[in-house]
Amino acid sequence: MSNLAVLPIIIPLISAIILVFFNSKVNISRGLAKLFSLINLSVALYINWYVLENGSIILETGDWAAPYGIILVVDSLAAILVLTTNLIAAACAFYAPNAGLERKEKFYFYPLFFFLISGVSGAFVTGDLFNLFVFFEVLLMASYGLIVLGGDKVQLRESLKYLLINVFSSMLFVTAIAFLYAVVGTVNMAHIAQRVQEVEQQGVLTAIGVLLFFVFATKAALFPLYYWLPKSYVVPNPVISALFGALLTKVGIYSILRVFSLIFVYKLELTHETFIWIAGLSMIFGVIGALSTNNIKLIIAYNIIPAIGFIILGIGVLNQESLGGSVYYLIHDMIIKAALFLIVGVIAYIAGTSDLRKMGGLINYYPFLGWLLFVAAFVLAGIPPFSGFIGKLLLLQGAFKEGEIAIVIIGLLTSLLILYSIMKIFIKGFWGDKDAMGDFKKKPVKGMIAPIVFLLAFSVALGVGAEYFYPIVDSIAAYLLDPEIYIDSVLKE
Amino acid sequence: MIFAVLIPLLIACFIPYLSKIKHKIHTGYFVFIIPLVIFIYFVRFIGNDFTPVRQTVNWIPSLGINFDFYLDGLSLLFVLLISGIGALVVLYSIFYLSNQERLGHFYVYLLMFMTAMLGVVLSDNIFVLYTFWELTSISSFLLIGYWHFKERSRYGALKSMMITIFGGLSMFGGFILLSVITGTTSIQQMIAQSDMILTSDYLPLILILILLGAFTKSAQFPFHIWLPDAMEAPTPVSAYLHSATMVKAGLFLVARFSPVFSGYELFFIIVSLIGIITLCWGSYMAVRQTDLKAILAFSTVSQLGMIMAMLGFGTEAAVFAAVFHILNHATFKGSLFMVAGIIDHETGTRDIRKLGGLLTFMPMTATLALFGTFSMAGVPLPFLNGFYSKELFFDATLGLDAATILSQAIPYLAVFGSIFTFVYSMYFFFGVFTGPKQFNLLPKKPHEAPMGMLISPIVLVLGVVVIGLFPNLANAPFLLHAAQAVNSGVEFHEVSFWHGFKPPLIMSLIVVGLGTVLVMTRKKWASVYTVLPGRLSFNKAYDKLIEKIDSYSAGVTNYYMNGSLKTYMTLILGTTLIVTFIFMLLTNGFALSTDNSADFSVLEISVVIIMIIAAIATIFMNHNVAAILVLGVVGFGVAILFVTYRAPDIALTQLVIETISVALFLLCFYHLPKLKKSTDSAKTKIANATIAIGFGALMTAIGISAHSSNWFDSISEYFIETSYTLGGGDNIVNVILVDMRGLDTLFEIAVLGIAALAIIGLIKYKKNKGAE
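Residue numbers (the UniProt record's numbering), protein chains in the order written: chain A, 1 to 493; chain B, 1 to 772.
Dropping the structure here:
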């Protein structure tokens, strides 16, 4: 059954290749994209069930034994993230035909979409540091393709910055891998972990770890490395922003989670203490960014940063509650960010503008959309009984246990401001007179609403039904806390 | 019990359907039944031998978050207030809101609030309590913003939400600390383990966080500012949420946690002080208002302060007086809000300057207002419940341990606040119902309200009178249990109208005497408000804060998000350089030895020197072609190095890539913009150079250190051994690429494919666009 591990990577890859051939037939492309995304989703579901029942799936690709060949490791963390990724992909595949992509759909939107999913899933399941780099390249290249799709002037301008910064960080990534290989003589993550442990992360190893951290932090958009993010995320179509916001930065933070719970865990007082500082600064500056603008897409884009701050907080604190909180928050944030980008996409579409100052009274025409945004605001701010609450509760409990009071206070204040930043959209955009926007013409949005409801339903379920999800996340946290389990499962010692 | 809590929310799901027939049957009639049923269900619990009831329904047991409902005396008092006043308010709203309004929304929010509020007062589990707590804030937000097309409503709604959710979040922080310290999520178990909390280092923090929650919700100074703006809500809402129930959630919270904190000095100081300041400030400010509802809002602020202060005193007498007054306040303030609503409804204005002489036109309303205001003022008459609780309050202020300045000052402040309470009560009644008639100023011709609208305030005023006449009626079976839940030492004692010529009575008489004088001379001393508060305004502070949050964040963000790639790269490189360097130092990372290095040949050294010169030269090139060619030198240099290291295939690859990229550059150089001479200042240039050189040096240092820290055998030995036996190829590089790490290669190919697709997309899309 270990071949299961390759399916989340290979199915999207094949889907993408098939879709290249149907590029000019938009209707067939749409249908196939929906179909493939559902196949992916069901496979991901099955893999989750399988992993929960039978433990991690380890695949030695090409039958080259660990640690020599490339090993795919679908453990419970990777499985659940692959599942979340495919949930979002499915929602986006159903949203895309209604997203106003127009001609862009004919220019390899769907192939790029599935390449992106393949890269993201690959990054989650690989157990090889160099292979992780390769999957980063796949998802980045697909994202370059998606971000320039359409080729507007502003798109090209922002994409260039996005591309250059990411090319630089990829270069740093390979360099850091080379350094690490020079020291430990291997690129298999379990093997690296074992060897770093043997020498107690002495000497230059911590610095190499920090270099890797900066690589991932640039992708994850942590303070102070997120400059490229906000503007480049708002220039493409909302469905692309949703994919980016939900998946790309999360791959970065996932890599930090993996590397700094598995490999570099022997100088906690230096590395992980720094993470807590970075967490606080990311929260503050991220939310300040969200409050600084009247562009609704930009508000959501900036809100990515404090969320990543919350997740890194859990990694920094590194106890069972906090890691559980990080994982819970990661899943929660992937879903809600996708939903929010899709929601503001609809709002910008119906209002014909992203500028909040030109909106008003939309609830008179789109009450349901208004309430979706309203609920999403509370989900995002971590107000119970929604998904953000459980993650936040665990994170803050974990932080308190280690006596990190200041960061908890910052986290709580940030939550308030996050709520404010989204409620601004509700109050200014939705409340108000019927004729606040002059002679308003209603546009049909039905096909765009269903995927949003689908995603929000999961957000609510993750909160209200936490009893079903939390034990899984808790076991993931316990698993992450003990690197030996991962090492043993891969190296079979 | 869980059913009783959730039933309003469940019914709320059907309201949108029921509201479709609102033109036939006012939706309120359906809603009215719900609080009535809940009231009847809970009223059975009243009795001398009441014992707390507990019910648990699991929600997230693995996190200790469950619906642990715990009905003790304190909860019972609040539950009956919520359902009782709730029923009356819904009844009143049927006549207040016409069926032209969006009744569906109104009642859904109201029912949502009912569930939330019942949940707050019944939950023993702190996190469930917090959940319901935030839900009250949310429903309050929606109700204040009910008429969302009005600017003031939107403003008031946002303000109330920001302040109450701020408090909610800090309370949540306090709760998390409590749960971490005690290891439980049950309030009753925390009370049982209060030693653990009282000896914790975090005690002051916990206290402040929880009190922030209570103070914001109960509109205590200086967080009271949201309450007057909340008056934009329809009047039934003001009567219900913003006077009788929700604003008392803060009091409930303090009362609930009193058994934990009561022995703690800081608790007494903060709660009493804030309470008494709120009492004085609220009543002082109420006199200045011109809107009837604003008067009542400040009056509510002041009364909440009074109860808060009593909870802070924590003595047996004070706690009993507090629960007694919670009940009394709900009766007279509820009726007064309804009266204000009636006046608004029947005259078209709430501006007290335009009103006057309504006594003959609205005799019923006037009578109701008379009882309400006089009870609120604490006028010593045996049929007004307000007098009794005020007496008990004065008594409690005198019963404090007089060791501190605060406890000595409290009785005086209490009298001061009560004088102004008397003044605004009289101002309210006489200002509206007596004096000159100015009907030309009114939008409508005044007339008595319909009977339906009068029922609810009549019931409440009957409450005022019945409690006034029989003050001990609810004492033993009801209020005593509530007080005992707060302070187990409270014992039954008779409340009586006349208990001798004692200090509390003297205080009451001073209040009435001085109050009357102040009422008479109000116009003469009104100028005092230009001194205090004068220009001091907490509202302005809030407005400024919100405004500043927006403008500062825009300022801060635009400062560094200036859109310049150069700035971004400088910051990214600079941060990486500094942090990594510090880490290298802290972990003794530098291991700069050349022991393991191979010997350098002359060829290698010369190639490297040429490469270095070429790399540096690139920066100074002002012409595209020159820059490209010089850059090419670096690339070809690398290829030569590969040759010297006997890696011909890699050298070949490098040569091909380098040739193609130079060729490509030259091909599109026509389209590239001309390189401009750098216009950066010398300072920036030096900074950039420092970062660049520093970064290069650091990477070199880490590279050398990594090379010198060669502690393990490389896995490459395995590849050399197995390349032929397992891989079937002599060329290891080939076997690695296509077999051992075939997956990498597959996806690197995919990357190339994606790049091709992206470029085709970009070019073709542009082309087609031009054609259209």
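Backbone N, C-alpha and C fix where the C-beta goes; we use that ideal spot for every residue, glycine too. All figures in this text were calculated on a predicted structure; none of them were measured in a lab.
Through-space distance from residue j to residue i, alpha-carbon basis
i: residue 152 of chain B; j: residue 340 of chain B; result: 19 angstroms
i: residue 302 of chain A; j: residue 110 of chain A; result: 27 angstroms
i: residue 139 of chain B; j: residue 374 of chain A; result: 12 angstroms
i: residue 430 of chain A; j: residue 17 of chain B; result: 23 angstroms
i: residue 127 of chain A; j: residue 328 of chain A; result: 22 angstroms
i: residue 772 of chain B; j: residue 143 of chain A; result: Here residue 772 of chain B scores only 42 on pLDDT, less than 50, and its place in the model should not be relied on; the value that follows carries that caveat. Taking the straight line joining both Cα atoms gives about 27 angstroms.
i: residue 674 of chain B; j: residue 161 of chain A; result: 19 angstroms
i: residue 271 of chain B; j: residue 208 of chain B; result: 10 angstroms
i: residue 473 of chain A; j: residue 179 of chain B; result: 20 angstroms
i: residue 47 of chain B; j: residue 477 of chain B; result: 4 angstroms
i: residue 45 of chain A; j: residue 2 of chain A; result: 16 angstroms
Under 7 angstroms by beta carbon: chain B residues contacting residue i
i: residue 228 of chain A; result: 568
i: residue 288 of chain A; result: 553, 556 and 557
i: residue 431 of chain A; result: 145, 148 and 154
i: residue 342 of chain A; result: Within chain B, no residue comes near residue 342 of chain A; the closest Cβ sits about 23 angstroms away, beyond 7 angstroms.
Contacts of residue i in chain A (Cβ-Cβ under 7 angstroms)
i: residue 706 of chain B; result: 179, 182, 183, 204 and 208
Reduced DSSP secondary structure (H/G/I, E/B, other) of residue i
i: residue 186 of chain B; result: strand
i: residue 54 of chain B; result: strand
i: residue 60 of chain A; result: strand
i: residue 126 of chain A; result: strand
i: residue 228 of chain A; result: coil
i: residue 123 of chain B; result: strand
i: residue 366 of chain A; result: coil
i: residue 277 of chain A; result: helix
i: residue 355 of chain A; result: strand
i: residue 375 of chain A; result: helix
i: residue 295 of chain A; result: strand
i: residue 383 of chain B; result: coil
i: residue 772 of chain B; result: Because residue 772 of chain B carries a pLDDT of 42, less than 50, the predicted location of this residue cannot be relied on, and the following value inherits that uncertainty. Coil at residue 772 of chain B, not helix or strand.
i: residue 304 of chain A; result: helix
i: residue 301 of chain B; result: helix
i: residue 69 of chain B; result: strand
i: residue 59 of chain B; result: strand
8 angstroms Cβ cut-off: residues of chain A touching residue i
i: residue 61 of chain B; result: 467
i: residue 256 of chain B; result: In chain order: nothing, as chain A lies at least about 19 angstroms away.
i: residue 338 of chain B; result: Chain A residues near residue 338 of chain B: none, gap ~27 angstroms exceeds 8 angstroms.
i: residue 226 of chain B; result: Those within 8 angstroms of residue 226 of chain B in chain A number zero; the least Cβ separation is about 14 angstroms.
i: residue 765 of chain B; result: 103, 104, 107, 149, 150 and 151
i: residue 734 of chain B; result: Within chain A, no residue comes near residue 734 of chain B; the closest Cβ sits about 14 angstroms away, beyond 8 angstroms.
Inter-residue CB distance, residue i and residue j (contact presumed, cutoff 8 angstroms)
i: residue 71 of chain A; j: residue 59 of chain A; result: 7 angstroms
i: residue 81 of chain B; j: residue 330 of chain B; result: 5 angstroms
i: residue 196 of chain A; j: residue 304 of chain A; result: Not a contact, Cβ separation roughly 31 angstroms.
i: residue 183 of chain A; j: residue 709 of chain B; result: 5 angstroms
i: residue 428 of chain B; j: residue 295 of chain B; result: 6 angstroms
i: residue 423 of chain B; j: residue 515 of chain B; result: 5 angstroms
8 angstroms Cβ cut-off: residues of chain B touching residue i
i: residue 423 of chain A; result: 158 and 161
If contact means a Cβ-Cβ distance below 8 angstroms, which residues of the segment 121-143 of chain A contact chain B?
122, 130, 131, 134, 135, 137, 138, 141 and 142
Near-chain A residues of the segment 109-140 of chain B (beta-carbon distance less than 8 angstroms), N- to C-terminal order:
For chain A, the residues of the segment 109-140 of chain B that bring a beta carbon within less than 8 angstroms of one of its beta carbons are 127, 130, 131, 134 and 138, in chain order.
For the segment 581-594 of chain B, enumerate the residues whose C-beta is nearer than 8 angstroms to any C-beta of chain A, in chain order.
583, 584, 586, 587, 588, 589, 590 and 591
Members of the segment 404-416 of chain A that neighbour chain B once the beta carbon cut-off is set at 8 angstroms
Going along the segment 404-416 of chain A in chain order, one finds 405, 408, 409, 412, 413, 415 and 416 with a Cβ nearer than 8 angstroms to chain B.
Could you name the residues of the segment 71-104 of chain B whose beta carbon sits closer than 8 angstroms to any beta carbon of chain A, in the order they occur along the chain?
none
Going along the segment 67-99 of chain A in order, which residues come within less than 9 angstroms of chain B, judged by CB to CB distance?
67, 68, 69, 70 and 72
Please name the residues in the segment 446-473 of chain A whose beta-carbon is closer than 7 angstroms to at least one beta-carbon of chain B, in chain order.
Result list: 466, 467, 470 and 471.
Determine which residues of the segment 210-241 of chain A have a Cβ less than 8 angstroms from any Cβ of chain B, and write them out in chain order.
210, 211, 214, 218, 224, 225, 227, 228, 230 and 231
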